[in-house]
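Student: Starting off with a structure, shown below.
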Amino acid sequence: MEDVKGLPEEELLEEDLNDGSPVKDEIAGYLERIEALENERETFREVAGRAQAELVNYRARMDREMKKVRELAGEKSVLEMIPVLDNLDRALNIGDGADLSTVVEGIKMVRRQFMGSLEALGVKVIPAAGEPFSPEYHEAVGVVEVEDPSEDGLVIDEFQRGYTLSDRVIRPSKVRVGSYSEKE
1 MEDVKGLPEE ELLEEDLNDG SPVKDEIAGY LERIEALENE RETFREVAGR
51 AQAELVNYRA RMDREMKKVR ELAGEKSVLE MIPVLDNLDR ALNIGDGADL
101 STVVEGIKMV RRQFMGSLEA LGVKVIPAAG EPFSPEYHEA VGVVEVEDPS
151 EDGLVIDEFQ RGYTLSDRVI RPSKVRVGSY SEKE
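Here it is in structure tokens:
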């Protein structure tokens, strides 16, 4: 676009800036502000880019560390169970001539060892028979009528043991619950 004098607009602007007018100072201030804002914008872009890269690296590091933790937990579990497997192998190699009571006693010992290994990993048996029924720990698979009112709501018998791992139920006990009702 050309001005009345026949000069392009940019040349007229330069002419105006060079003439010492108050507009010159105002425009120069705006140009400085624009340059400062552009520099600030570039700084923010760089900071955001670094933060994004750090987040990506952090996530990758956390994934690697979680994988390592799972592997170590699995290794600990396996190391706890291998001696139990060794004793089961020994029991199988006893032979046909072994006394039945000796075999049963050996199986009981292996079971105690296995429970010890589970306890070392944080596994505990959920108490059931004689305890008050708790839906948090017990799964009722049946109801049994009881004659004693004090047995109402108690676990009468257990069909399958329940277990917790670090105070979290991993399998509830399957139980029958006592139910008292007055007879007429």
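For the sequence shown, full-length UniProt numbering assigns the number 1 to the initial residue and increments by one for each residue that follows.
Glycine included, C-beta positions come from ideal geometry on N, C-alpha and C.
#1: Counting along the chain, where does the alpha helix (DSSP H) carrying Lys-68 start and finish?
#2: With DSSP run on the structure shown, which of helix, strand or coil describes Arg-112?
#3: Would Phe-114 and Val-177 be called neighbours here (beta carbons separated by less than 9 angstroms)?
#4: Quick one: grab the DSSP three-state call for Tyr-180.
#5: Could you check whether the Cβ of Glu-38 sits closer than 9 angstroms to any Cβ belonging to chain C?
#6: According to DSSP, is Ala-129 part of a helix, a strand, or is it coil?
#7: Compare the beta carbon distance of Ala-91 and Val-110 with 9 angstroms and say whether it is the shorter of the two.
#8: At a cut of 8 angstroms, does the region 123-139 reach the region 99-106 through at least three beta carbon pairs?
#9: Report yes or no: do three or more beta-carbon pairs, one from the region 137-147 and one from the region 158-178, lie closer than 8 angstroms?
#10: Please state if the CB of Val-169 and the CB of Ser-117 are separated by a distance shorter than 9 angstroms.
#11: Kindly give me the distance between the Cβ atoms of Glu-145 and Ser-179, rounded to whole angstroms, as I take these residues to be in contact under 8 angstroms.
#12: Quick check: what's the CA-CA separation for Glu-46 versus Lys-76?
#13: Please report how far the alpha carbon of Lys-68 lies from the alpha carbon of Met-81, in whole angstroms.
#14: Which one or two residues does DSSP pair with Glu-145 in a beta bridge?
#15: Drop a sphere of 10 angstroms on the beta-carbon of Ile-156, count the other beta-carbons inside from all chains shown, and report buried for 16 or more, exposed for fewer.
#16: Can you give the Cα-Cα distance for Gly-106 and Asn-93, rounded to whole angstroms?
#17: By a C-beta neighbour count over all protein chains shown, 10 Å radius and 16 as the cutoff for buried, is Ser-173 buried or exposed?
#18: Let's test the definition: count the other Cβ atoms within 10 Å of the Cβ of Arg-154 and tell me whether it reaches 16, buried, or not, exposed.
Tutor: The answer reads as follows:
#1: For the purposes of this step, residue 68 is identified with residue 68 of the sequence shown, where counting begins at 1. Lys-68 -> alpha helix (DSSP H) spans 22-92.
#2: Residue mapping note: residue 112 aligns to position 112 of the sequence shown, counting from 1. Of the three classes helix, strand and coil, the one that applies to Arg-112 here is helix, per DSSP.
#3: Residue numbering aside, residue 114 sits at position 114 when the sequence shown is read from its first letter. Residue numbering aside, residue 177 sits at position 177 when the sequence shown is read from its first letter. Not closer than 9 angstroms, so no.
#4: The residue you call residue 180 lines up with position 180 of the sequence shown. Strand at Tyr-180.
#5: Included in the structure is just one protein chain, with no chain C present.
#6: For the purposes of this step, residue 129 is identified with residue 129 of the sequence shown, where counting begins at 1. If DSSP states are grouped into helix, strand and coil, Ala-129 belongs with coil.
#7: Locating residue 91 in the sequence shown gives position 91, counting from the first residue. Locating residue 110 in the sequence shown gives position 110, counting from the first residue. For Ala-91 and Val-110, yes; Cβs fall inside 9 angstroms.
#8: no
#9: yes
#10: Your numbering for residue 117 matches position 117 in the sequence shown. Your numbering for residue 169 matches position 169 in the sequence shown. Cβ distance not < 9 angstroms, so Ser-117 and Val-169 don't count as in contact.
#11: Counted from its first residue, the sequence shown places residue 145 at position 145. Counted from its first residue, the sequence shown places residue 179 at position 179. Confirmed, Cβ separation roughly 6 angstroms.
#12: To locate residue 46, count along the sequence shown from 1; it is residue 46. To locate residue 76, count along the sequence shown from 1; it is residue 76. Taking the straight line from one Cα to the other gives about 45 angstroms.
#13: What you label residue 68 is simply residue 68 of the sequence shown in a count that begins at 1. What you label residue 81 is simply residue 81 of the sequence shown in a count that begins at 1. So the alpha carbons of these two residues sit roughly 20 angstroms apart.
#14: For this step, residue 145 is matched to residue 145 along the sequence shown. Bridge partners of Glu-145: Ser-179.
#15: Here the question's residue 156 lines up with position 156 in the sequence shown. Under this definition Ile-156 is a buried residue.
#16: Locating residue 106 in the sequence shown gives position 106, counting from the first residue. Locating residue 93 in the sequence shown gives position 93, counting from the first residue. Rounded to the nearest angstrom, the two C-alpha atoms are 12 angstroms apart.
#17: As a working mapping, residue 173 is identified with position 173 in the sequence shown. Looking at its Cβ environment, which holds 16 or more other Cβ atoms inside 10 Å, Ser-173 is buried.
#18: If you number the sequence shown from 1, residue 154 lands on position 154. Correcting the residue identity first, residue 154 is Leu in this sequence and not Arg. Label assigned to Leu-154: buried.
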